[in-house]
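Numbering (my numbering), first residue to last: 376 to 521.
Glycine is no exception: its CB is placed at the ideal position from the N, C-alpha and C atoms.
Next up, the structure:
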């Protein structure tokens, strides 16, 4: 930026000096007027340099704001992706937990069903044994009556 300012000033000073020298060579310019014109031209050069500086500063500020906005966008996108990934992980863990609970529930139902079958068989065996005993008693009683 310093180089740009120096280049602009050098060019403007050269133009001013050339203009003043041309006027002096013509003899159409007196020394006092030359000083006034020089001050006026230098003032104009300063104004133009300041204007150029303001433009450069504004451009730099815009560039920095754009960089900041891009950085904020990138950070926002990363946060969204991280939150999405965390949501997926939590969802996956919840699904795994429910799947494990379902497996445990199925195993419990099968165990209970098997126990029910075993108990049912035992009850049937007991009733069958009692039934056989009862028939035997009845048969023995009939034999005694006859």
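Hey, would you say residue 436 sits closer than 7 Å to residue 383, going by beta carbons? no
Is the segment 409 to 429 close to the segment 442 to 449, with three or more CB pairs under 8 Å? no
So, residue 432 versus residue 387, is the Cβ gap smaller than 7 Å? no
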